Amino acid sequence: MEKPFVASCTTFVNVSLSGIGTSLLLAGNCKLGKLLREDKKYRRRSSRRAKSSHFFLSKIEEDVYHDILRRRLSTGTWQPVRHGSYNYYHRNDRFRGACFCRRLYWNPIPFLGEQVLLDSSEYEGSELYSLEVAPNHQRLAFLVKTGSNCSLKVKELAGKGSTEVARTCTSFAWENGSASLIYASLEDDGVSVFRHSVGSKPSTDSRLFFTDDPGTTVDVHLSKTCRNVYMYERKEEECFIWQIERSCTSPRLIYDERLGADSAVEDLNNQLILLRDPFRMYISDNDDTFKWDLLYELSPPRRIVRFDVFNKFVVLYVRDGVNAIVQVINEDGGRCEVAIPDDCYSIRVLPNPNVNCNTLKLKYSTFTTPTQIWEVNMVRGTLRKRHLIKKGIWIPR
């Protein structure tokens, strides 16, 4: 008679325990679900706080950056030029004096990771001018002025010391291959232009051009697309422009008429863009014919201050009295004119714009507002301000 009772008791205990376990499990699941929901809310709040803190810190970082930049500008010189992934610039250091440096373009912290490429303390009693980095980022060419003499030197960026190329030099330019230099030298009997192969002796340099006409100055420069070197032969208000191709033995005159003193030329794909004077611009195929066609013309008081070539765009900086105007011409002939809202004293195109897009980014400074970045829409011809801080991300300047 006791066995049924024991069995029923055991069954009752088992059922009771299983019920309690199920209740505890359900209660645990409910509590866990509540904790998960609270955790999601906490993570959302944390994410918002993190974004807000990041935005706040980015704004502080930008203010600190501009404060440092203003102090540098007040005590020395800051002229950053972007080549590839680096910003190259020279500045005055309290301990080293003038030095030439570089740092990664995308490095958001000012002066962090700075590499000093050239220190003026190595050339005491001399001044450094026209520091140019080779297109392959391996060599640096610069002028050293000692008294009235100006010599051309070349230095390996990864090494120490420099090599003298010419004792008297007025201007120079790297050739596209970065293995040779084109430089103009002032001699006793006139002005000569030479080609120097890096690593060879200066006595083996080949002469490309010579003039003994008194009062004539010769300047050379590498085009922005790093394709050709151009030589400017100027005398008073006249100018002749020559093209120096790689491995050529003599330069070619690209325009058979005398040009204005402000004339300039640049490469655009397989064409040449020539600014003849402050009012007219011509275009020609880069071949032996050099047949020039009128591309753009202005009437006074409008005048072209300068122009830049980036990928498929030709950007003209136009002055109409005190007003600044940007004229943009693409390779298809489409034109866009945008008037800058304020009177600006500095304007340039940001490096490496997207070739396939219809917008062009401009960076300009005015007398009343800080440096700003604007986007020019080539289709609509509109100008839109682009914020330097967007979605909490610091955008390097």
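For the sequence shown, my numbering begins at 9 and goes up steadily by one. All residues carry an ideal CB built from backbone N, CA and C; glycine is no exception. Owing to the predicted nature of the structure, the values given are computational and were not obtained by experimental measurement.
Check your understanding: How about Ser188 and His204: do their beta carbons lie closer than 8 Å?
Key -> In the sequence shown, the residue the question calls residue 188 occupies position 180. In the sequence shown, the residue the question calls residue 204 occupies position 196. Cβ atoms of Ser188 and His204: closer than 8 Å.
Exercise for review: Compute the beta-carbon to beta-carbon distance between Ile249 and Ser271, rounded to the nearest angstrom, for a pair I have assumed lies under 8 Å.
Suggested key: Mapped onto the sequence shown, residue 249 falls at position 241. Mapped onto the sequence shown, residue 271 falls at position 263. Contact holds; Cβ gap of about 7 Å.
Exercise for review: Using DSSP bridges, identify the partner residues of His98.
Suggested key: Residue numbering aside, residue 98 sits at position 90 when the sequence shown is read from its first letter. Partner(s): Phe108.
Review point. Does the separation of the CB atoms of Val334 and Val322 fall below 8 Å?
Key: The sequence position of residue 334 within the sequence shown is 326, counting from 1. The sequence position of residue 322 within the sequence shown is 314, counting from 1. No, the Cβ-Cβ distance between Val334 and Val322 is not below 8 Å.
Practice item. Please determine, among Glu140, Arg284 and Ile312, the residue with the shortest C-alpha to C-alpha distance to Asp301. Key: Locating residue 301 in the sequence shown gives position 293, where the first residue counts as 1. Of Glu140, Arg284 and Ile312, the residue nearest in Cα terms is Arg284.
Check your understanding: Where does the unbroken beta strand (DSSP E) through His229 begin, and where does it stop?
Key -> By 1-based counting over the sequence shown, the position of residue 229 is 221. From DSSP, the beta strand (DSSP E) with His229 extends over Thr225 to Leu230.
Review point. By how many angstroms is the C-alpha of Ala192 removed from the C-alpha of Phe108?
Key: On the sequence shown, residue 108 is found 100 positions in, with the first residue counted as 1. On the sequence shown, residue 192 is found 184 positions in, with the first residue counted as 1. Answer to the nearest angstrom: the Cα atoms are 23 Å apart.
Check your understanding: Which residues mark the beginning and the end of the beta strand (DSSP E) in which Cys234 is found?
Key -> As a first step, residue 234 is located in the sequence shown; it is residue number 226 there, counting from the start. Careful: Cys234 lies outside any beta strand (DSSP E) and carries neither H nor E.
Check your understanding: Apart from the five residues on each side of it in sequence, which residues of its chain come closer than 8 Å, Cβ to Cβ, to Val226?
Key -> On the sequence shown, residue 226 is found 218 positions in, with the first residue counted as 1. Same-chain partners within the cutoff: Thr178, Ser179, Ala192, Val199, Val201, Phe217, Thr219, Met239, Tyr240, Glu241 and Arg242.
Check your understanding: Quick one: what does DSSP say Arg79 is sitting in, helix, strand or coil?
Key -> Here the question's residue 79 lines up with position 71 in the sequence shown. Interpretation of Arg79 is limited by its pLDDT of 43, a score under 50 that renders its predicted location unreliable; the figure taken from the coordinates is listed afterwards. Of the three classes helix, strand and coil, the one that applies to Arg79 here is helix, per DSSP.
Exercise for review: Can you tell me which of the three DSSP states Arg284 falls into?
Suggested key: Position 276 of the sequence shown, counted from the first residue, corresponds to residue 284. Note: Arg284 maps to strand in three-state DSSP.
Review point. Are the beta-carbon atoms belonging to Glu172 and Lys163 less than 8 Å from one another?
Key: The residue given as residue 172 occupies position 164 in the sequence shown. The residue given as residue 163 occupies position 155 in the sequence shown. The answer is no: Cβ separation not under 8 Å.
Point to revise | Span separating the alpha-carbon of Arg79 from that of Val141 | key: The sequence position of residue 79 within the sequence shown is 71, counting from 1. The sequence position of residue 141 within the sequence shown is 133, counting from 1. At Arg79, the pLDDT of 43 sits below 50, so the modelled position is not reliable and the matter cannot be decided from this model.
Review point. What does a CB cutoff of less than 6 Å around Asn144 pick up in its chain, not counting 5 residues either side in sequence?
Key: As a position in the sequence shown, residue 144 is number 136, starting the count at 1. Here the set comprises Ser186.
Point to revise | Straight-line Cα distance separating Ile252 from Asp316 | key: As a first step, residue 316 must be located in the sequence shown, where it is residue number 308. As a first step, residue 252 must be located in the sequence shown, where it is residue number 244. Distance between the alpha carbons of Asp316 and Ile252: 20 Å.
Review point. Looking at the unbroken beta strand (DSSP E) that takes in Ile312, where does it start and where does it end?
Key: Here residue 312 corresponds to residue number 304 of the sequence shown, with the count starting at 1. From DSSP, the beta strand (DSSP E) with Ile312 extends over Arg310 to Phe318.
Exercise for review: Can you say whether Leu261 is buried or exposed, counting buried as having 16 or more other CB atoms within 10 angstroms of its CB?
Suggested key: Counted from its first residue, the sequence shown places residue 261 at position 253. Exposed: under 16 other Cβ atoms inside 10 Å.
Check your understanding: Below 8 Å between beta carbons: does that hold for Arg110 and Tyr94?
Key -> Numbered from its first residue, the sequence shown carries residue 110 at position 102. Numbered from its first residue, the sequence shown carries residue 94 at position 86. Yes.
Practice item. Give the range of the beta strand (DSSP E) segment to which Gln335 is assigned. Key: Start at 1 with the first residue of the sequence shown, and residue 335 comes out as number 327. From DSSP, the beta strand (DSSP E) with Gln335 extends over Asn331 to Asn338.
**Study point:** Of the residues Leu282, Gly169 and Gly133, the one placed nearest Arg266, counting alpha carbons only
**Key:** Counting from 1 along the sequence shown, the entry for residue 266 is found at position 258. If we check each option's Cα against that of Arg266, Leu282 comes out closest.
Exercise for review: With Leu125 as the anchor, note down where its beta strand (DSSP E) starts and where it stops.
Suggested key: Against the sequence shown, residue 125 aligns to sequence position 117. Its beta strand (DSSP E) spans residues Gln123 to Asp127.
Review point. What span of residues does the beta strand (DSSP E) with Gln251 cover, start to end?
Key: Position 243 of the sequence shown, counted from the start, is the residue given in the question as residue 251. It spans Glu246 to Ile252 - the beta strand (DSSP E) in which Gln251 sits, taken as one unbroken run.
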